[in-house]
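As you go down the protein sequences, you meet chains X and E in turn.
The numbering used here puts the first residue of the first sequence at 2, with every later residue one more than the last.
The numbering used here puts the first residue of the second sequence at 2, with every later residue one more than the last.
No residue lacks a Cβ here, since even glycine has one placed at the ideal position from N, Cα and C.
Protein chains: 2
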Amino acid sequence: MSLTLYALAGADPARPFSPHVWKVAMALAHKGLAAETVAVGFTAIPAIENGATKLVPLLKDGDTLVSDSFAIARYLEETYPDRPSLFGGPGGLATARFVEGFSQTRVHPLLTPILITDIHAMLAPADQAYFRESREKRLGRTLEETAAGAPAAITELRTRLEPLRHTLRHQPFLGGEAPLFADYIVFGAFQWARIVSKTMVLEADDPVTLWFDRCLDLHAALGRSVTAA
Amino acid sequence: MSLTLYALAGADPARPFSPHVWKVAMALAHKGLAAETVAVGFTAIPAIENGATKLVPLLKDGDTLVSDSFAIARYLEETYPDRPSLFGGPGGLATARFVEGFSQTRVHPLLTPILITDIHAMLAPADQAYFRESREKRLGRTLEETAAGAPAAITELRTRLEPLRHTLRHQPFLGGEAPLFADYIVFGAFQWARIVSKTMVLEADDPVTLWFDRCLDLHAALGRSVTAA
């Protein structure tokens, strides 16, 4: 068994920040699997494994290549069924997709203005040029214009987290008494923010902050292996 | 085995509309359990079962009383484990709480202005007085002032449903290939709207509408046993 995880990196390969890579890193740790991490900048992705993917994370397990964080989690669950479950059964697998939907459609778009100029600042020069051009085209405005929306995004984001707070009134993790991949999905978003930016996205006494701290403590404090910005 | 479900009703007991009661009705059908339904108006709730509850649904199973829709679903899952699962394992149970959080904190508050005057119109006179007084106190404005927010609420609601659409791009139900209690949680909200109001909350071609139609077809089309407003 030889696992390799291709992970997005900025100029400093020791500070991986991609939310999707963090989901996979936590999933691997949850399964007790060690992987060699290969840091790649945005512009190096097309050259990985003979053009196997346009996006990271990409997991290589022996001869098998799997991209997309959710697909990787499913792959790990199916391939290593005797290790701790990432989903807690078929219902947990299905509803984890809803948690992904919440994170990607309701949380990530608000983190974009909050983080975008800090992400740019972390990248290697060649990746900075790619990032600016691709993101400005996608968003229809300059990175700096997007970043001007950060204060409003922070306020709106805190409101949008009510479903998490509701859940955390009943249980310590989205997965119940212990974390599941559903936790790592949302953890990835806040870990992205923690590593990229000094902006306080959440208030210190927010139940979501307390949950995030619990997640940082998991798996020998894997999340804390990269310091906050 | 003798099951009784106390269900909120307006002036016409044949048109139960409570979202929480609908969650339980679907959960009972999912388990293949028949229950006698007892319709009660708001002001009759305190007299049920010697003051057992302030809220419906209340399920009576032999000598056991359980209130709160999620608690009832858990009770049914534990008490009737050999029947089809409502959660698909412990992970599904845990993340169903997140779906509940989404529905109750992000969907219901927007349905309130859309439905509130129609709900009032459906109630028996004594319940109308209670409803107006309690809701106006809770919301800090008249029912009609609350209802003025309906157009903006419809627009915002459609945006907030993105996590559902994301999920439905991958699978036909929140529960995966087949529905689970997670589906019934969100179904309850839209069934409430369907029975109470002629307002088109969703567009006809919205994937959420198509999913809702699939839910209406479940369990011998139980949801269609009450016609749309």
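For residue 98/E, the closest Cβ of chain X is nearer than 8 Å. Between the alpha carbons of residue 22/X and residue 164/E lies a gap of roughly 21 Å.
In summary, residue 171/X is exposed, with fewer than 16 beta-carbon neighbours lying within 10 Å of its beta-carbon over all protein chains present.
Exposure of residue 52/X is indicated by the presence of fewer than 16 other C-beta atoms within 10 angstroms of its C-beta. Not flagged as an interface residue toward chain E: residue 159/X, since no C-beta distance is shorter than 8 Å. Just measuring C-alpha positions, the residue of 206/E, 3/E, 201/E and 196/E sitting nearest residue 123/E is 196/E. Along the region 138-169 of chain X, going in chain order, the ones with a CB nearer than 8 Å to a CB of chain E are 161, 163, 164, 165, 166, 167 and 168. When the five nearest sequence neighbours on each side are left out, the beta carbons in the same chain lying within less than 8 Å of the beta carbon of residue 230/E are those of 119, 195, 196, 197, 198 and 199, in order along the chain. Within its own chain, the residues whose Cβ lies closer than 7 Å to the Cβ of residue 113/E, once the five positions on either side in sequence are excluded, are 147, listed in chain order.
In the DSSP assignment, residue 7/E falls outside any alpha helix (DSSP H) and within the unbroken beta strand (DSSP E) covering 4-9. Within the region 83-94 of chain X, the residues whose Cβ lies closer than 9 Å to some Cβ of chain E are 86, 87, 88, 89, 90, 91, 92, 93 and 94, listed in chain order. In this structure, residue 58/E sits near residue 70/E, with a CB-CB distance shorter than 8 Å.
Counting along the chain, residue 19/E sits inside no beta strand (DSSP E), nor does DSSP assign it H or E at all. Taking the Cα positions, residue 108/E is about 19 Å away from residue 111/X. When Cβ-Cβ separations below 8 Å define contact, residue 127/X makes no contact with chain E.
In the DSSP assignment, residue 209/E falls outside any beta strand (DSSP E) and lies within the alpha helix (DSSP H) extending over 208-222.
The shortest C-alpha to C-alpha distance from residue 137/E to any of 121/E, 42/E and 127/E is the one to 121/E. DSSP lists 7/E and 68/E as the beta-bridge partner residues of residue 59/E. The contact set of residue 175/E on chain X, defined by CB atoms closer than 9 Å, consists of 95, 96, 98 and 99 in chain order. Non-local C-beta neighbours of residue 209/X in its own chain, meaning closer than 6 Å and more than five positions away in sequence, comprise 162, 165 and 203, ordered along the chain.
Taking 8 Å as the cut-off, the Cβ atoms of residue 133/X and residue 140/X do not count as close.
Residues of chain E whose Cβ lies closer than 7 Å to the Cβ of residue 105/X are, in chain order, 167. A Cβ of chain E is located within less than 8 Å of the beta carbon of residue 181/X.
Less than 8 Å separates the beta-carbon of residue 80/E from that of residue 62/E.
At a beta-carbon threshold of 8 Å, the residues of chain X lying near residue 171/E are 98, ordered along the chain. Per DSSP, the beta-bridge partners of residue 177/X are 174/X. Close to residue 102/E, with beta-carbon spacing below 8 Å, are these residues of chain X in chain order: 163, 164, 165, 166, 167 and 168.
Under the criterion of beta carbons closer than 8 Å, residue 4/E and residue 60/E qualify as touching, at roughly 7 Å. Under the three-state reduction of DSSP, residue 78/X is assigned to helix.
The Cβ atoms of residue 93/E and residue 176/X do not sit closer than 8 Å to each other. Counting along the chain, residue 40/E sits inside no alpha helix (DSSP H); it lies in the beta strand (DSSP E) bounded by residues 37-41. In the assembly as shown, residue 24/E is a buried residue. Its beta-carbon has 16 or more other beta-carbons within 10 Å. Excluding residues up to 5 positions away in sequence, 9 lie with their Cβ nearer than 6 Å to the Cβ of residue 19/X in the same chain.
Under the three-state reduction of DSSP output, residue 198/E falls in the coil class, being neither helix nor strand.
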